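**Q** In the working numbering, the protein residues as written are 7 to 512.
For each residue, glycine too, the CB sits at the ideal point set by N, CA and C.
For clarity, every value in this text was computed on a predicted model and none was experimentally measured.
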Ligand code: SF4
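Laid out in structure tokens, this is it:
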């Protein structure tokens, strides 16, 4: 039996769940001695389809997709790493490994992928797209995430070259276009559109000029290593900046319409489980923080860090697993609906952790323990069916960095279908839409699925326009990945003079 015959058999037997397909694969292995990989089956399915021998089989397509979760947020994340360069920071917990970007380890999966192609940005994007496609993922909408420590510390020429090469890989055919602006323009209609670009940096690197530079590179989200809300803890860990610079950076980024992700580290020297919980109460409750997204990286002891000395001297010790799990469950329990809790632990290979939690599936453990969480990630619809009659438009408001954030979403009971973030600032010239996202399985541009391409995004933008107009704003500006500009053009928006935002007079 070959892969095509197995696909025909699966259609005949009406395979609708993963277990049905697995059973067939095992049976086929008994006959042919060959256990087919999902990528072989996808290739065979695609060929049968293109030859017209079969009709599209949506349920089979769905179960053929391995690790579907990766594109269930509606876009394909592609993480790329910049080369080794160092960082102005001297944080006592941060590892240094020769040849690796500061704070990254050579045995982390994303680093291994980057290292294999010598950190070449073009090849990193190209090979990642190929791998996602081979697993049956749709890759027309790509969220590019640039990792590697402090992006601002890299030479500006390298930064521009790095993003340009990523765009070249996404565009596939750039017809000799090499400069960043032409590559961004070409990406507006490319096969793989960059719908978001995330850059990570230190809070004290954020100035008005740096914000402008990030915007020109095409950034839509900036992730800041905030790490603690205590100046004393920041000082003890030699972080090199204080909480005032974190608050200032958050305001500058939000006032420029950017999305803000913050990283925090519980269990730093000087912290206790009680002070860590209080830290998250402050992060959620204070208008100076209120991030859009949060990554929690509990401090772990890694070789080649100053913290090893502290640990040996008994000046610091990690929480045990039970204490850490309890703390994270409590933090999840108070997370507001407008924040996406993207990570609750950093995925450091166990062999590199000298002391500290080695559990990498903490999120699943917390779920099994019944920890309640209202964050965006826990409520995303993820390919589930929707019942149009039950869908409600929900409006939530909160003050943030001197502005009013209006978080609008379409929800069905506890499930989050789509969201937008409208920011009303003191200056009445324009309001900002900082985010628009429809969840559910990624579909190609113009496709139609359970939640994507059902007009939820359009309705949310219309509601945001209505609110902004009623509040006295003359214009709405939207921070848009270059690959989403075409979508906003259809809604009556055009690129502003500086070629940064999509805008529309109200
Ligand atoms: S700022 Fe980040 S990359 Fe730099 S030393 Fe500190 S933790 Fe490491």
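If you draw a straight line from the alpha carbon of residue 318 to that of residue 208, how long is it in whole angstroms?
**A** Spanning the two alpha carbons is a distance of roughly 29 Å.
**Q** Under the three-state reduction of DSSP, which class applies to residue 409: helix, strand or coil?
**A** Note: residue 409 maps to strand in three-state DSSP.
**Q** Would the C-beta of residue 95 count as close to the ligand SF4, meaning under 7 Å from any of its heavy atoms?
**A** Yes, the beta carbon of residue 95 sits closer than 7 Å to at least one heavy atom of the ligand SF4.
**Q** What number of angstroms, rounded off, separates the C-alpha of residue 510 from the C-alpha of residue 465?
**A** Approximately 16 Å between the Cα atoms of the pair.
**Q** Hey, out of 262, 226 and 334, whose CA is closest to residue 151's CA?
**A** Looking at the Cα atoms, 226 is the closest of the given residues.
**Q** Let's see if you can read the secondary structure: which residues bound the beta strand (DSSP E) around residue 249?
**A** Careful: residue 249 lies outside any beta strand (DSSP E), inside the alpha helix (DSSP H) at 249-261.
**Q** Relative to the ligand SF4, is the shortest distance from any of its heavy atoms to the C-beta of residue 156 smaller than 7 Å?
**A** Yes, since a heavy atom of the ligand SF4 falls inside the 7 Å radius drawn around the Cβ of residue 156.
**Q** Is residue 208 near the ligand SF4, going by C-beta to nearest heavy atom under 7 Å?
**A** At least one heavy atom of the ligand SF4 is nearer than 7 Å to the Cβ of residue 208, so yes.
**Q** Quick check for students: name the residue ranges of the alpha helix (DSSP H) that lie wholly in the stretch 117-180, counting only runs of 4 or more.
**A** You should have 127-140 and 162-177.
**Q** Answer yes or no: the CB of residue 407 versus the heavy atoms of the ligand SF4, is any distance below 7 Å?
**A** Checking every heavy atom of the ligand SF4 against the Cβ of residue 407, none is found closer than 7 Å.
**Q** Write down every uninterrupted run of the alpha helix (DSSP H) in the stretch 204-249 whose length is 4 residues or greater and which is fully enclosed by it, in chain order.
**A** Fully enclosed alpha helix (DSSP H) runs of 4 or longer: 214-223 and 237-242.
**Q** Any chance the CB of residue 281 is under 7 Å from a heavy atom of the ligand SF4?
**A** Result no, Cβ not under 7 Å from the ligand SF4.
**Q** Since residue 400 sits in a beta bridge, which residues does DSSP pair it with?
**A** DSSP lists 415 as partners of residue 400.
**Q** Confirm, please, whether the CB-CB distance from residue 84 to residue 149 is below 8 Å.
**A** Yes, these two residues count as a Cβ contact at 8 Å.
**Q** Quick check on DSSP: helix, strand or coil for residue 335?
**A** Residue state, collapsed to three classes: helix.
**Q** Do you know how far the Cα of residue 286 is from the Cα of residue 293?
**A** Cα to Cα, the separation comes out at about 13 Å.
**Q** Suppose the cutoff is 6 Å on Cβ atoms and the five residues either side in sequence are ignored; what does the same chain contact list for residue 89 look like?
**A** Taken in chain order, the residues that qualify are 125.
**Q** Evaluate the contact criterion for the stretch 459-478 versus the stretch 435-445: three or more CB pairs, one atom per stretch, below 8 Å.
**A** The stretch 459-478, when compared against the stretch 435-445, does touch it at the 8 Å Cβ threshold.
**Q** I'd like to know if the stretch 255-270 and the stretch 294-307 are in contact, where contact means that at least 3 CB-CB pairs between them fall below 8 Å.
**A** As far as the Cβ criterion goes, the stretch 255-270 touches the stretch 294-307, which means the pair count is three or higher.
**Q** Name the residue from 62, 212 and 313 whose alpha carbon lies nearest to the alpha carbon of residue 252.
**A** Closest option to residue 252, Cα to Cα, is 212.
**Q** So, with DSSP's three-state summary, where would you put residue 511?
**A** Residue 511: strand per DSSP, three-state reduction.
**Q** Just to confirm my understanding: we take residue 479, look at its own chain, exclude 5 residues before and 5 after, and list those with CB closer than 8 Å. What are they?
**A** So the list reads 430, 434, 435, 436, 437 and 512, once near-sequence residues are dropped.
**Q** I'd like the span of the beta strand (DSSP E) that includes residue 437, first residue to last.
**A** Per DSSP, residue 437 belongs to the beta strand (DSSP E) from 436-444.
**Q** When the Cα of residue 386 is compared with those of 418, 155, 330 and 357, which residue comes out closest?
**A** Nearest C-alpha to residue 386: 418.
**Q** Run the proximity test for residue 1: is its beta-carbon closer than 7 Å to any non-hydrogen atom belonging to the ligand SF4?
**A** Because the chain is modelled from 7 through 512, residue 1 falls outside the range shown and cannot be assessed.
**Q** Which of the three DSSP states, helix, strand or coil, is assigned to residue 105?
**A** Of the three classes helix, strand and coil, the one that applies to residue 105 here is coil, per DSSP.
**Q** Using the C-alpha atoms, what's the distance from residue 203 back to residue 192?
**A** Whole-angstrom Cα-Cα distance: 16 Å.
**Q** Check whether the Cβ of residue 384 lies closer than 7 Å to any heavy atom of the ligand SF4, and answer yes or no.
**A** For the ligand SF4, not one heavy atom lies less than 7 Å from the Cβ of residue 384.
**Q** Would you say the beta carbon of residue 170 is closer than 7 Å to some non-hydrogen atom of the ligand SF4?
**A** Not so, every heavy atom of the ligand SF4 lies at least 7 Å from the Cβ.
**Q** Tell me which same chain residues have a C-beta within less than 6 Å of the C-beta of residue 19, skipping the five on either side of it?
**A** Excluding sequence neighbours, residue 19 sits near nothing in its chain.
**Q** If we require 4 or more residues per run, which alpha helix (DSSP H) segments fall completely within the stretch 359-383?
**A** As far as the stretch 359-383 is concerned, its whole alpha helix (DSSP H) runs of at least 4 residues are 368-374.
**Q** When the Cα of residue 532 is compared with those of 342, 506, 470 and 469, which residue comes out closest?
**A** Since the first and last residues shown for the chain are 7 and 512, residue 532 lies out of range.
**Q** Please classify residue 153: is it buried, with 16 or more other beta-carbons within 10 angstroms of its beta-carbon, or exposed?
**A** Answer is buried; the Cβ neighbour count reaches 16.
**Q** Regarding residue 105 and the ligand SF4, is the C-beta to nearest heavy atom distance less than 7 Å?
**A** Not so, every heavy atom of the ligand SF4 lies at least 7 Å from the Cβ.
**Q** Considering only their Cβ atoms, is the gap separating residue 355 from residue 316 smaller than 8 Å?
**A** No.
**Q** Decide if residue 144 is buried, meaning its Cβ has at least 16 other Cβ atoms within 10 Å, or exposed.
**A** Buried, since its Cβ has 16 or more Cβ neighbours within 10 Å.
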